[in-house]
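*Asks:*
Number of protein chains: 2
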Amino acid sequence: MSSTPSSATPTPAFQRIKDYVQGEIEAGTWGEGDAIPPELRLAAQFGVSRMTVNRALNELEAEQVLVRRKGAGTFVAPQRYQATVVEIRSIAEEIRARGHRHRSALFRLERQRATRMLATQFGVAERSMLFHSVILHYENDAPIQVEDRWVNPALAPGYMEIDFGAVTPNEHLMRVAPLQRAEYQIEAQLPTAEVAEMLAIGEAEPALVLRRRTFSRDAVASLVVLWHPGKRYRFGGALG
Amino acid sequence: MSSTPSSATPTPAFQRIKDYVQGEIEAGTWGEGDAIPPELRLAAQFGVSRMTVNRALNELEAEQVLVRRKGAGTFVAPQRYQATVVEIRSIAEEIRARGHRHRSALFRLERQRATRMLATQFGVAERSMLFHSVILHYENDAPIQVEDRWVNPALAPGYMEIDFGAVTPNEHLMRVAPLQRAEYQIEAQLPTAEVAEMLAIGEAEPALVLRRRTFSRDAVASLVVLWHPGKRYRFGGALG
DNA sequence: TAGTGGTCTAGACCACAGC
DNA sequence: CTGTGGTCTAGACCACTAT
Numbered sequence: 001m002s003s004t005p006s007s008a009t010p011t012p013a014f015q016r017i018k019d020y021v022q023g024e025i026e027a028g029t030w031g032e033g034d035a036i037p038p039e040l041r042l043a044a045q046f047g048v049s050r051m052t053v054n055r056a057l058n059e060l061e062a063e064q065v066l067v068r069r070k071g072a073g074t075f076v077a078p079q080r081y082q083a084t085v086v087e088i089r090s091i092a093e094e095i096r097a098r099g100h101r102h103r104s105a106l107f108r109l110e111r112q113r114a115t116r117m118l119a120t121q122f123g124v125a126e127r128s129m130l131f132h133s134v135i136l137h138y139e140n141d142a143p144i145q146v147e148d149r150w151v152n153p154a155l156a157p158g159y160m161e162i163d164f165g166a167v168t169p170n171e172h173l174m175r176v177a178p179l180q181r182a183e184y185q186i187e188a189q190l191p192t193a194e195v196a197e198m199l200a201i202g203e204a205e206p207a208l209v210l211r212r213r214t215f216s217r218d219a220v221a222s223l224v225v226l227w228h229p230g231k232r233y234r235f236g237g238a239l240g
Numbered sequence: 001m002s003s004t005p006s007s008a009t010p011t012p013a014f015q016r017i018k019d020y021v022q023g024e025i026e027a028g029t030w031g032e033g034d035a036i037p038p039e040l041r042l043a044a045q046f047g048v049s050r051m052t053v054n055r056a057l058n059e060l061e062a063e064q065v066l067v068r069r070k071g072a073g074t075f076v077a078p079q080r081y082q083a084t085v086v087e088i089r090s091i092a093e094e095i096r097a098r099g100h101r102h103r104s105a106l107f108r109l110e111r112q113r114a115t116r117m118l119a120t121q122f123g124v125a126e127r128s129m130l131f132h133s134v135i136l137h138y139e140n141d142a143p144i145q146v147e148d149r150w151v152n153p154a155l156a157p158g159y160m161e162i163d164f165g166a167v168t169p170n171e172h173l174m175r176v177a178p179l180q181r182a183e184y185q186i187e188a189q190l191p192t193a194e195v196a197e198m199l200a201i202g203e204a205e206p207a208l209v210l211r212r213r214t215f216s217r218d219a220v221a222s223l224v225v226l227w228h229p230g231k232r233y234r235f236g237g238a239l240g
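Each protein sequence line maps, in turn, to chains A and B. In terms of full-length UniProt numbering, the first sequence is residues 1 to 240. In terms of full-length UniProt numbering, the second sequence is residues 1 to 240.
#1: Per DSSP, which residues does A207/A bridge with? Please list them.
#2: Is K18/B buried or exposed, if buried means 16 or more other CB atoms sit within 10 Å of its CB?
#3: Taking the C-alpha atoms as reference points, what is the distance between G99/A and A43/A?
#4: So, at 8 Å on beta carbons, what are the nonlocal neighbours of A166/A in its own chain, with the 5 sequence-adjacent residues on each side left out?
#5: How is the beta strand (DSSP E) around T74/B delimited, first residue to last?
#6: Using the three-state DSSP reduction, which class does S6/A fall into: helix, strand or coil?
#7: Name the DSSP beta bridge partners of L136/A, please?
#8: Examine the Cβ distances between the region 231-239 of chain B and the region 176-183 of chain A and report whether three or more of them are shorter than 8 Å.
#9: Answer with yes or no whether the minimum CB distance from V220/A to chain B is below 8 Å.
#10: Can you confirm whether the region 132-149 of chain B touches the region 191-206 of chain B when touching is taken to mean that 3 or more C-beta pairs between the two stretches lie within less than 8 Å?
#11: If you measure from the beta carbon of V86/B to each beta carbon in chain A, is any gap under 8 Å?
#12: State whether the region 70-79 of chain A contacts the region 22-41 of chain A, with contact taken as three or more CB pairs (one from each stretch) at a distance under 8 Å.
#13: Indicate whether A188/B and L208/B have their beta-carbon atoms separated by less than 8 Å.
#14: Taking Cβ-Cβ distances below 9 Å as the criterion, which residues of the region 171-186 of chain B are in contact with chain A?
#15: Tell me which residue opens and which closes the beta strand (DSSP E) that V67/B is part of.
#16: For the region 145-158 of chain B, which residues have a beta carbon sitting closer than 9 Å to at least one beta carbon of chain A?
#17: Can the beta-carbon of A219/A be found closer than 8 Å to that of A125/A?
#18: Does the distance between the C-beta of M51/A and the nearest non-hydrogen atom of the ligand SAM fall short of 7 Å?
#19: From the beta carbon of Q79/B, is the nearest beta carbon of chain A less than 8 Å away?
#20: Give me the DSSP bridge partner(s) of V167/A.
#21: Can you have a look at P157/B and say buried or exposed, based on whether 16 or more other CB atoms are within 10 angstroms of its CB?
#22: Using the beta-carbon of each residue, which ones in chain B are nearer than 8 Å to A204/A?
#23: Can you tell which of R69/A, P191/A, Y159/A, G123/A has the C-alpha that lies nearest to the C-alpha of S133/A?
#24: Name, please, each residue of chain B whose Cβ falls closer than 8 Å to the Cβ of L223/A.
#25: What residue from E110/B, L199/B, E93/B, T168/B has the CA that sits closest to D141/B's CA?
#26: Which residues in the same chain have their Cβ closer than 6 Å to the Cβ of V224/A, if we skip the five residues on either side of it in sequence?
#27: The alpha helix (DSSP H) spanning A156/A covers which residue range?
#28: Tell me I36/A's beta-bridge partners as DSSP assigns them.
#29: Which whole-angstrom value is the C-beta distance of I135/B and F107/B, which I expect to be below 8 Å?
#30: Taking the Cβ atom as the reference point for each residue, do V65/B and Q22/B lie within a distance shorter than 8 Å?
#31: Let me check one thing: in DSSP terms, what residues is S216/B bridge-paired to?
Here's what the structure looks like:
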């Protein structure tokens, strides 16, 4: 990965040092929690200045390979947090990436007063006005996702005037209410009668449900429930 | 976050520059794709050397806030990839984090020859030997996860001798076969009769299923299917 | 007190982009 | 060609840790 014989830029010194350190860790020479040689020693070993070593080790710390403690030393980081990270892209983007055709149908678009549960979720007063939309997304004419969304009018006042055929709610919200934070839950549920009909599945067929609450400017911008047919849809991702 | 009046170390210059750049971006002064001032200009503006500015901007590039092009300039990075990232922790860790009690029961531990499908998944010859374990995890005595796992003996030869009461398969595998890469899928399915019985749910109740394939030393180390009762379990996470 | 990392400088030479 | 970022140096002073 770092040896093109001619014409290419030679591997930078800081990169060679990073490779060396990672190699020793992978080979097991330096185990979890062990101290690695101090900057000055590595600088002498590689014939570079301390700043160059400093950069290499700082980058490895940012990559969670090392832990550095001022005055104490540099140590091999503890085992990586064993988390499974699943990426879920916007449905339209995902479908187009598969080379398929995406279209959507707007089933409902209305102003509604917040129930107690919605008010709690949004952090607004009960009976506050909220926007509500229900959209069915198709992949090559097969229904693939029901998007049941509630929107905070304070953050997206123009929501009711979007051309939902051209812009997905997600795209509009990303533009008017920059994403600050989000919370997600994934569940397996039986669909409601209405959802089952929209997705053209049986009421006894499991649905894969994603609930997401997005925050913007320190307020809840949107609450969305995405329903997918369990038989035809899955979330997937890769890590590493 | 960076103003403790006395005794504390003053905010480093590179950090002040990072804050300034992020502030201008958040304020909208510099929009997506715009060029920001070159290093020398910022160095003069802040009265620091170019190396200090260089560090600040390099870190912002690593954080995907900026994009830098040699010879061309430094630009505000395009809108963040709109992905939903869901973290799924090891079940034992997750249960303990909730302050609940975790225990597990080993239902099956055997050597099995790879079926064609397993052989394909593992990238080994059909009828190669694989380890197979089935473990039921409990949260406060309620069954919460069925862990159906296949393991590559080449990468974890000691798998059959683990004390599964003390070490989870995950912990063992992390130790002997350092995680290189992983692939995941999340599905909503009806459980098999056996799984339904283990989880003490009805066969018509949806299950939330996570399939994961982990790689180590350029080979498939393990293939696991995790079944959860849809009613009592969900994956969740936060982003931002 | 000695050793370590945190930060910074004032230069330098290079490769590359755009005119 | 000029301006940009990429990399590097040989020092420096500081704060912190460990002994």
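Positions of the beta carbon are idealized from the N, C-alpha and C atoms, including for glycine.
*Replies:* So, from the data block:
#1: Here residue 207/A refers to the residue found at position 207 when the first sequence is read from its first residue. According to DSSP, A207/A shares a beta bridge with Q189/A, P229/A.
#2: Start at 1 with the first residue of the second sequence, and residue 18/B comes out as number 18. K18/B comes out buried.
#3: Taking the first residue of the first sequence as 1, we reach residue 99/A at position 99. Taking the first residue of the first sequence as 1, we reach residue 43/A at position 43. Here the C-alpha atom of G99/A lies approximately 51 Å from the C-alpha atom of A43/A.
#4: Numbered from 1 along the first sequence, position 166 holds the residue referred to as residue 166/A. Hits under 8 Å: none found.
#5: Taking the first residue of the second sequence as 1, we reach residue 74/B at position 74. Looking at the DSSP string, the run of the beta strand (DSSP E) that includes T74/B is 73-76.
#6: Translated into the one-based positions of the first sequence, residue 6/A becomes position 6. Note that S6/A scores 37 on pLDDT, short of 50, meaning its location in the model is unreliable; the coordinates nonetheless yield the value given after this. Correct three-state label for S6/A: coil.
#7: Within the first sequence, the letter at position 136 stands for residue 136/A. Within the DSSP secondary-structure output, L136/A pairs in a beta bridge with A105/A, V146/A.
#8: They touch, by the three-pair rule.
#9: Taking the first sequence and counting its residues from 1, the one referred to as residue 220/A is at position 220. Residue contact with chain B for V220/A: absent (no Cβ-Cβ distance below 8 Å to any residue of chain B).
#10: Yes, they touch.
#11: Locating residue 86/B in the second sequence gives position 86, where the first residue counts as 1. Yes, its Cβ sits closer than 8 Å to a Cβ of chain A.
#12: The region 70-79 of chain A is in contact with the region 22-41 of chain A.
#13: Residue 188/B sits at position 188 when you count from the first residue of the second sequence. Residue 208/B sits at position 208 when you count from the first residue of the second sequence. Yes; because the gap between Cβ atoms is below 8 Å, this pair is in contact.
#14: Residues of the region 171-186 of chain B with a C-beta less than 9 Å from any C-beta of chain A: E171, M174, R175, P178, L179, Q180, R181, A182, E183, Y184, Q185, I186, listed in chain order.
#15: Mapped onto the second sequence, residue 67/B falls at position 67. From DSSP, the beta strand (DSSP E) with V67/B extends over 66-69.
#16: In summary, no residue of the region 145-158 of chain B has a CB separated from any CB of chain A by less than 9 Å.
#17: Here residue 219/A is taken as the residue at index 219 of the first sequence, counted from 1. Here residue 125/A is taken as the residue at index 125 of the first sequence, counted from 1. In this structure, A219/A keeps its C-beta atom at 8 Å or more from the C-beta atom of A125/A.
#18: Among the components modelled here there is no ligand, and therefore nothing to report on the ligand SAM.
#19: Counted from its first residue, the second sequence places residue 79/B at position 79. A Cβ of chain A is located within less than 8 Å of the beta carbon of Q79/B.
#20: Here residue 167/A refers to the residue found at position 167 of the first sequence. None, per the DSSP bridge assignment.
#21: The residue given as residue 157/B occupies position 157 in the second sequence. That one is exposed.
#22: By one-based count along the first sequence, residue 204/A stands at place 204. Per Cβ cutoff of 8 Å: A204.
#23: Within the first sequence, the letter at position 133 stands for residue 133/A. With distances taken between Cα atoms, S133/A lies closest to Y159/A.
#24: For the purposes of this step, residue 223/A is taken as residue 223 along the first sequence, with counting starting at 1. Listed along chain B is no residue with a C-beta nearer than 8 Å to that of L223/A; the closest approach is about 14 Å.
#25: As a first step, residue 141/B is located in the second sequence; it is residue number 141 there, counting from the start. Across the set E110/B, L199/B, E93/B, T168/B, the C-alpha of L199/B shows the shortest separation from the C-alpha of D141/B.
#26: Here residue 224/A refers to the residue found at position 224 when the first sequence is read from its first residue. Excluding its 5 nearest sequence neighbours in each direction, V224/A has C-beta neighbours in its own chain below 6 Å: R149, R212, listed in chain order.
#27: Translated into positions along the first sequence, residue 156/A becomes position 156. Segment: none, A156/A is in no alpha helix (DSSP H) and carries neither H nor E.
#28: Taking the first residue of the first sequence as position 1, residue 36/A is located at position 36. Beta-bridge pairing links I36/A to T74/A.
#29: Position 135 of the second sequence holds residue 135/B. Position 107 of the second sequence holds residue 107/B. Confirmed, about 7 Å.
#30: One-based indexing of the second sequence puts residue 65/B at position 65. One-based indexing of the second sequence puts residue 22/B at position 22. A contact, by the Cβ cut-off of 8 Å.
#31: In the second sequence, counting from the first residue as 1, residue 216/B sits at position 216. Per DSSP, A219/B.
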